[in-house]
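K.L.:
Residue numbers (this note's numbering): 296 to 550. Every residue gets a Cβ at the ideal spot worked out from N, C-alpha and C, and that includes glycine. The structure displayed is predicted, hence computed values, not measured ones. The structure under discussion is supplied below as structure tokens; questions concerning it will follow.
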Ligand SMILES: [Fe+2]
Ligand SMILES: [Fe+2]
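As structure tokens, then:
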């Protein structure tokens, strides 16, 4: 068959569409090197070839026009509504904690326990998520978010928590956590806030119901009492994690 008349494959068509969109846009949007790594490629967007491809265009140094606009001074609730890919699991686990009368701190911890996964990154999501919220919440909440990642793998029969069936189906029956996770578990097990983190794990198993009705509005007051929203906007307050929020806000800024 003549190469020039070969029908485009799905991925070629997607590429062509993407390129067409790019030409319409004022600014050149780039992918972070990490996005390539997650595609299994050691590759990066560099300026000369991209500028040659889109002559007369500058690189994006602000909002990504493909994403929902965010207010000038965004709040955690704005990130929930306009950046997080999915909030059902977070809301369901928090709703379960609330319904069963657990302390508000636990409800808040459940509400944010997987924010790294839904907005940023999977690997070591407990650590990333804890770092994102650390300047704004009680130390106990960020500690519990950090350690829930490890605790999820270890049963505690005294509270009726077994190794999750879900993990058997996700990782195979023989999966064993890495040594750093085992160490984290041991430290957490001996910690005074152990039960807060364990409760995140326990509420988690009730939080995979695709039909459960949950609403962020039910948690806005709890967020207000447990998350110190910076007046400058989340991302612009010069906290140790403000840059992480800015990156989620503007994921395609060139620098
Ligand atoms: Fe998690
Ligand atoms: Fe979870």
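1. Within 10 angstroms of its Cβ, does residue 363 collect 16 or more other Cβ (buried), or is it exposed?
2. When we look at the beta-carbon of residue 447 and count the other beta-carbons within 10 Å, is it buried (16 or more) or exposed?
3. So residue 443 and residue 496 are in contact, right, with Cβ under 8 Å, and what is the actual spacing, rounded?
4. Is it true that the CB of residue 312 sits closer than 7 Å to the CB of residue 509?
5. In whole angstroms, give me the CA-to-CA distance for residue 375 and residue 460.
6. From 425, 478, 484, 473, pick the residue whose C-alpha is nearest to that of residue 453; which is it?
7. At a cut of 8 Å, does the stretch 396-408 reach the stretch 422-441 through at least three beta carbon pairs?
8. With distance defined between alpha-carbon atoms, name the residue in 505, 302, 338 nearest to residue 381.
9. Name all residues in chain order for which at least one heavy atom of ligand 4 lies closer than 7 Å to the residue's CB.
10. Can you give me the Cβ contacts of residue 545 inside the same chain, cut-off strictly under 7 Å, excluding the 5 residues immediately before and after it?
11. Looking at the structure shown, is residue 379 part of a helix, part of a strand, or coil, going by DSSP?
12. Which same chain residues, not among the five before or five after residue 379, have their C-beta less than 6 Å away from its C-beta?
13. Where do the ends of the alpha helix (DSSP H) carrying residue 356 lie?
14. Checking the sheet assignment: what are the DSSP bridge partners for residue 500?
P.N.:
The answer reads as follows:
1. In the chain shown, residue 363 corresponds to position 68, counting from 1. Residue 363 should be labelled exposed.
2. Along the chain shown, read from residue 1 onward, the residue named residue 447 stands at position 152. So residue 447 counts as buried.
3. On the chain shown, residue 443 is found 148 positions in, with the first residue counted as 1. On the chain shown, residue 496 is found 201 positions in, with the first residue counted as 1. Indeed they touch by this definition, with Cβ atoms about 6 Å apart.
4. As a position in the chain shown, residue 509 is number 214, starting the count at 1. As a position in the chain shown, residue 312 is number 17, starting the count at 1. Cβ distance not < 7 Å, so residue 509 and residue 312 don't count as in contact.
5. Numbered from 1 along the chain shown, position 80 holds the residue referred to as residue 375. Numbered from 1 along the chain shown, position 165 holds the residue referred to as residue 460. Going by the C-alpha atoms only, they are around 28 Å apart.
6. Here residue 453 refers to the residue found at position 158 when the chain shown is read from its first residue. Checking every option, the nearest Cα to that of residue 453 belongs to 484.
7. yes
8. Indexing the chain shown from 1 puts residue 381 at position 86. Out of 505, 302, 338, 505 has the C-alpha closest to the C-alpha of residue 381.
9. Among the ligands in the structure shown, ligand 4 does not appear; only ligand 1 and ligand 2 can be found there.
10. Sequence index remark: in the chain shown, residue 545 carries index 250 (1-based). 357, 358, 359.
11. Locating residue 379 in the chain shown gives position 84, where the first residue counts as 1. Of the three classes helix, strand and coil, the one that applies to residue 379 here is coil, per DSSP.
12. Here residue 379 refers to the residue found at position 84 when the chain shown is read from its first residue. Closer than 6 Å at the Cβ level, and outside the excluded window around residue 379, lie 413, 414.
13. As a working mapping, residue 356 is identified with position 61 in the chain shown. Neither: residue 356 is in no alpha helix (DSSP H) and is coded neither H nor E.
14. Here residue 500 corresponds to residue number 205 of the chain shown, with the count starting at 1. Partner(s): none; residue 500 has no beta bridge.
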